[in-house]
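Just so you know, the protein sequences line up as chains A and B, in that order.
Quick note, the first sequence lines up with residues 1 to 436 if you use this note's numbering.
Quick note, the second sequence lines up with residues 1 to 352 if you use this note's numbering.
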Amino acid sequence: MRMRTLLLAVFVVAALALTACAPAAQPAAPAAQPTEAAAEATTETTTDAAAVPAGACDDPLGCIEIAAGDPIKIGYALVTAGPNASLGEDSARGIEIAVDDLGGAILGHPVEIVGEDSGCSPEGGQAAATKLASDTSLVGVIGTSCSSEARVGAPILSEVGLSMLSPSNTAPDLTDPEKHVDGYFRTAHNDLVQGAVAADFVFSDLGLTKAATVHDGSLYAVGLATAFADAFQKLGGEIVSQQAVNVGDTDMRPVLTTIAAAGPEFIYYPIFTAEAGFITSQSKEVPGLENVKLMAADGSFSQDFVNAAGDAAMGMYLSSPDFSAFGDAYQDFLKKHDEKYSEAPLSAFHAHAYDAMMIFAAKIQEVAKQDGDTLVIGRKALRDAIAGTTDFKGLTGNLTCSPTGDCADPKIAVYEVTDTEAWNPNVISPMKIYPK
Amino acid sequence: MFANLRRKYDFTDVLLWLIGGILLIFILYGSIVTLTSGKYTTAQWLNFIVFGLAQGGIYALIALGYTMVYGILGMINFAHGEFFMLGTFGAFFMAEALSATGLLESNWVISILLMLAAAMIVSATVAILAERIAYRPLRRAPRLVPLITAIGVSYFLQYTARGLFGSGVEAFPNVPALAGSIAVGPIKIQNTQVAVFIATAVLLLLLWLFVSKTKVGRAIRSVAEDKDAAALMGVDVDRTIAISFAVGGIMAGAAGVMYGLVFRQVAFYMGFVPGLKAFTAAVLGGIGNLAGAVLGGLILGVIESVGPSLFLEGIGIPAPHQLKDGIAFTVLVLILIFRPTGILGERLSKRA
Numbered sequence: 001m002r003m004r005t006l007l008l009a010v011f012v013v014a015a016l017a018l019t020a021c022a023p024a025a026q027p028a029a030p031a032a033q034p035t036e037a038a039a040e041a042t043t044e045t046t047t048d049a050a051a052v053p054a055g056a057c058d059d060p061l062g063c064i065e066i067a068a069g070d071p072i073k074i075g076y077a078l079v080t081a082g083p084n085a086s087l088g089e090d091s092a093r094g095i096e097i098a099v100d101d102l103g104g105a106i107l108g109h110p111v112e113i114v115g116e117d118s119g120c121s122p123e124g125g126q127a128a129a130t131k132l133a134s135d136t137s138l139v140g141v142i143g144t145s146c147s148s149e150a151r152v153g154a155p156i157l158s159e160v161g162l163s164m165l166s167p168s169n170t171a172p173d174l175t176d177p178e179k180h181v182d183g184y185f186r187t188a189h190n191d192l193v194q195g196a197v198a199a200d201f202v203f204s205d206l207g208l209t210k211a212a213t214v215h216d217g218s219l220y221a222v223g224l225a226t227a228f229a230d231a232f233q234k235l236g237g238e239i240v241s242q243q244a245v246n247v248g249d250t251d252m253r254p255v256l257t258t259i260a261a262a263g264p265e266f267i268y269y270p271i272f273t274a275e276a277g278f279i280t281s282q283s284k285e286v287p288g289l290e291n292v293k294l295m296a297a298d299g300s301f302s303q304d305f306v307n308a309a310g311d312a313a314m315g316m317y318l319s320s321p322d323f324s325a326f327g328d329a330y331q332d333f334l335k336k337h338d339e340k341y342s343e344a345p346l347s348a349f350h351a352h353a354y355d356a357m358m359i360f361a362a363k364i365q366e367v368a369k370q371d372g373d374t375l376v377i378g379r380k381a382l383r384d385a386i387a388g389t390t391d392f393k394g395l396t397g398n399l400t401c402s403p404t405g406d407c408a409d410p411k412i413a414v415y416e417v418t419d420t421e422a423w424n425p426n427v428i429s430p431m432k433i434y435p436k
Numbered sequence: 001m002f003a004n005l006r007r008k009y010d011f012t013d014v015l016l017w018l019i020g021g022i023l024l025i026f027i028l029y030g031s032i033v034t035l036t037s038g039k040y041t042t043a044q045w046l047n048f049i050v051f052g053l054a055q056g057g058i059y060a061l062i063a064l065g066y067t068m069v070y071g072i073l074g075m076i077n078f079a080h081g082e083f084f085m086l087g088t089f090g091a092f093f094m095a096e097a098l099s100a101t102g103l104l105e106s107n108w109v110i111s112i113l114l115m116l117a118a119a120m121i122v123s124a125t126v127a128i129l130a131e132r133i134a135y136r137p138l139r140r141a142p143r144l145v146p147l148i149t150a151i152g153v154s155y156f157l158q159y160t161a162r163g164l165f166g167s168g169v170e171a172f173p174n175v176p177a178l179a180g181s182i183a184v185g186p187i188k189i190q191n192t193q194v195a196v197f198i199a200t201a202v203l204l205l206l207l208w209l210f211v212s213k214t215k216v217g218r219a220i221r222s223v224a225e226d227k228d229a230a231a232l233m234g235v236d237v238d239r240t241i242a243i244s245f246a247v248g249g250i251m252a253g254a255a256g257v258m259y260g261l262v263f264r265q266v267a268f269y270m271g272f273v274p275g276l277k278a279f280t281a282a283v284l285g286g287i288g289n290l291a292g293a294v295l296g297g298l299i300l301g302v303i304e305s306v307g308p309s310l311f312l313e314g315i316g317i318p319a320p321h322q323l324k325d326g327i328a329f330t331v332l333v334l335i336l337i338f339r340p341t342g343i344l345g346e347r348l349s350k351r352a
């Protein structure tokens, strides 16, 4: 009797665990509670204000003081482990190259990068943001990688007065005027743009009118799948099936069978590496989908995805930033990247991360005040300066920040996978095919 | 809890039956509406079932390990999913090596046998070590202690694999000979799925022969029946338990190869969800019962595959496949309400 009760208890726990943390890939970061971090920051601010001469820091959010020779610390919250590691690693490399280009220093202070893995999940984003928020010497944060991380992470960082610039959050939700938090900015495009380009491509270029979408319940995927569906319907197309999977699912054949029954000509699944890989490889095994066109988005724009998908990825489409529209400075960047890492960029947002770092550098130079030997940076002043970014010449274009933090100069292209072994966008595979 | 049912019907029983009844009506209603809507052809329904059986075969192989250990020790070995994960890595490295030498293309039968050997050796070794190091010292401890230890072993193995093999996803090499499909009536079945069916059937047969016909099998059954009595009769209990773990590990290794062939991805976290599902399958079939584990695995796979479309689509619930875990667990709860010991519900000792 007792054993059975125990079994039932275990079983309930197991069921909860399954629903709560299916991927189980995020290392739990031991970190202070957000409230504690906020409290700490407040104390720090008051002591600062008392320590420096009156007038040195009149910033409502407090200042960061950097003594002579001390580093300027910039944090990042990017996914650098797990199936989506190449997304964050790619951005981290963009930051490193930017730091190299700055000569490793801003205003004579060496730049120190403090990295946290954010796991591409809400929990990971919360852990990374909490950890970074507890470091009161941070000037700003670059990140996060995935939109779902920012939904929870941004308020935590905003609370302690930090500014954050995301290189790859694309969910429309994050810069929605109703939901935007102060201090949140991004150099990545808004998915309203990406969804519209994808829809244009499918409807006008491929000439297909029946599409199906799949999302994985994440902020990014839901936002982009919806943006695509809205734009596609506006053009006159029909969304025949809207399906969803879970992060961590492996058997996509049943959901693909359901999609096949609706008879689409095209499937759009803007989800992440592992699940997008399963959908791609298994779609060839589901009757009725043999000739259906497949398209994923920037969340799966990496060699890891193509590896996971295997031969089935051949000829499929990926929407992503348009590298060919980036201009000459980007070619120099690619050269530096190749020299430093001896391979092509891993994913889509290295240039956006480079721009994020450069905006931080420019704005720190703009607002920093010298107080004797000490460099004083007002948190609110830095935030306002970033918000005031106008026509900033970046790798990704001319960046101007909207009142809700959209700083991108969005240029989206559609690429075709032309090789399932090698990865070098626009050189080997994938190749840009739209806009022409 | 449920055995009292015959003597008196108390409030809890009535409530559970009520919940069960409501769920059952809900499921039946959804199914009828979906079936009469004619959204899917017969071939598509058969496809759902075949996909479910292929997934279920993998659950079944993993579930066998859970059920053997439970049958003999009364302990739920939550680290079993990680034995499966490590076995898959074993098969993966073997497959990489075979792919590099070209044997994978030229002789796929030997290749798969070598992959199976690699996976089984890795899984069985890890299982034996886990038993020896983590579980044996706790054999006389209260039941919850080994359970918590098992969760600890699970995390230990998972993050060891992460440290050793990295945190990314590796692509399992393709076996060209298994690339196609065969036509069976109105549907096509992938060769890899056929391989899963055959492997599950063969392994189950071998396991059944091992447990019911060999001397070691008899020892396993006697230890499952009563450890102390078995020891008095001259059975080496420690050795027998270690063998049970090894056999469970071998099944998990086989499941790892099947998983690699069907899903073609390997990652350090991949053991967690299948492990949990296989445990569910073992409970569904009647934990401690070998045939039950297989039946439970297949049923769980089919419910996950067919359930979302069959139960939910008809009543207009959008994106039903996202709810497949919910459906699988609902069906599990239903089965446990009406058959508290699982579908076949017997112990390893009584019928292997």
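Backbone N, C-alpha and C define an ideal beta-carbon position, used for all residues, glycine too.
Per-residue contacts from residue i into chain B (C-beta, under 7 Å)
| i | result |
| --- | --- |
| Asp419 (chain A) | Correct list: empty, because the minimum Cβ distance to chain B is about 15 Å. |
| Arg253 (chain A) | Phe51 |
| Asp304 (chain A) | Gly168 and Val169 |
| Thr258 (chain A) | Ser309 and His321 |
| Gly161 (chain A) | Simply none; closest approach about 32 Å. |
Beta-bridge pairing of residue i - partner residues as DSSP gives them
| i | result |
| --- | --- |
| Glu238 (chain A) | A:Lys210 |
| Lys432 (chain A) | A:Tyr415 |
| Thr444 (chain A) | As displayed, chain A neither begins before 1 nor continues past 436, which places residue 444 (chain A) out of reach and without an answer. |
| Tyr29 (chain B) | None; Tyr29 (chain B) has no bridge partner. |
| Ala308 (chain A) | Answer is none; Ala308 (chain A) lacks a bridge partner. |
| Ile189 (chain B) | B:Ile182 |
| Gln265 (chain B) | B:Ala171 |
Contact set between residue i and chain B, taken where Cβ atoms lie within less than 9 Å
| i | result |
| --- | --- |
| Glu285 (chain A) | Phe51, Ser181, Lys188, Gln190, Thr192 and Gln193 |
| Ser281 (chain A) | Phe263, Arg264 and Gln265 |
| Pro83 (chain A) | Ser167, Gly168, Val169, Gln265, Ala267 and Tyr269 |
Close beta carbons around residue i, own chain, < 6 Å, minus the five adjacent residues each side
| i | result |
| --- | --- |
| Ala221 (chain A) | His215, Pro270 and Ile271 |
| Lys432 (chain A) | Ser324, Ala413, Tyr415 and Asn426 |
| Pro172 (chain A) | Asn190, Asp191, Leu192 and Gly223 |
| Thr80 (chain A) | Gly88, Glu89 and Asp117 |
| Ala68 (chain A) | Asp373 |
Beta-carbon proximity list for residue i, same chain, < 7 Å, skipping 5 on both sides
| i | result |
| --- | --- |
| Ile113 (chain A) | Ile74, Tyr76, Ile95 and Val99 |
| Asp419 (chain A) | Ile428 and Ser429 |
| Glu275 (chain A) | Asp216, Val245, Val247 and Asp249 |
| Gln282 (chain A) | Met252, Arg253 and Leu256 |
| Leu73 (chain B) | Ile241 |
| Gly104 (chain A) | Pro110 and Val111 |
| Pro146 (chain B) | Met75, Tyr135 and Leu138 |
Interface partners of residue i on chain A, CB under 7 Å
| i | result |
| --- | --- |
| Phe263 (chain B) | Thr250 and Phe278 |
| Tyr40 (chain B) | Ala261 |
Closer than 8 Å at the beta carbon, the chain B residues around residue i
| i | result |
| --- | --- |
| Val245 (chain A) | His321 and Gln322 |
| Ala77 (chain A) | Ordered by position in chain B, no residue passes the 8 Å Cβ test against Ala77 (chain A), which lies about 16 Å from the chain. |
Chain E within 8 Å of residue i, Cβ atoms only
| i | result |
| --- | --- |
| Ala229 (chain A) | Judged by its chain identifiers, the structure shown contains no chain E, and its protein chains are A and B. |
Where residue i meets chain A, residues with beta-carbon distance less than 9 Å
| i | result |
| --- | --- |
| Phe48 (chain B) | Arg253, Pro254, Thr257 and Thr258 |
| Ser305 (chain B) | Asp251, Arg253, Pro254 and Thr257 |
Chain A residues whose Cβ lies nearer than 8 Å to that of residue i
| i | result |
| --- | --- |
| Asn174 (chain B) | Gly310 and Asp311 |
8 Å CB neighbourhood of residue i in its chain, flanking five on each side removed
| i | result |
| --- | --- |
| Ala328 (chain B) | Lys277, Thr280, Leu300, Ile303, Glu304 and Gly307 |
Q | Within the region 255-306 of chain A, ranges of the beta strand (DSSP E) (whole runs, at least 3 residues) | A | 266-268 and 293-296
Q. If you pair each beta-carbon of the region 101-115 of chain B with each one of the region 73-88 of chain B, do three or more pairs fall below 8 Å?
A. no
Q: Inspect the CB distances between the region 249-264 of chain B and the region 149-158 of chain B and report whether three or more fall short of 8 Å.
A: no
Q: Kindly confirm or deny that the region 384-401 of chain A and the region 362-372 of chain A touch, where touching means at least three C-beta pairs closer than 8 Å.
A: yes
Q) Hey, is the region 335-346 of chain A in contact with the region 125-141 of chain A, meaning 3+ C-beta pairs nearer than 8 Å? A) no
Q.
I'd like the ranges of any beta strand (DSSP E) spanning at least 3 consecutive residues and lying wholly in the region 155-181 of chain B.
A. none
Q) Hey, which unbroken runs of the alpha helix (DSSP H) at 4 residues or more fall wholly within the region 80-122 of chain B? A) 80-101 and 103-106
Q | Contact between the region 53-72 of chain A and the region 370-381 of chain A (3+ Cβ pairs under 8 Å) | A | yes
**Q.** Touching by the beta-carbon criterion (3+ pairs, under 8 Å), the region 305-314 of chain B and the region 32-44 of chain B
**A.** yes
Q | contact_flag[the region 89-96 of chain B, the region 54-71 of chain B] where n(CB pairs < 8 Å) is 3 or more | A | no
Q: Please confirm if the region 388-396 of chain A is in contact with the region 347-366 of chain A, defined as three or more CB-CB distances below 8 Å between the two stretches.
A: yes
Q. Going along the chain, which unbroken runs of the beta strand (DSSP E) with 3 or more residues stay wholly within the region 309-390 of chain A?
A. 317-321, 369-371 and 374-378
Q. For the 8 Å Cβ check, are there 3 or more pairs between the region 294-313 of chain A and the region 257-264 of chain A?
A. no
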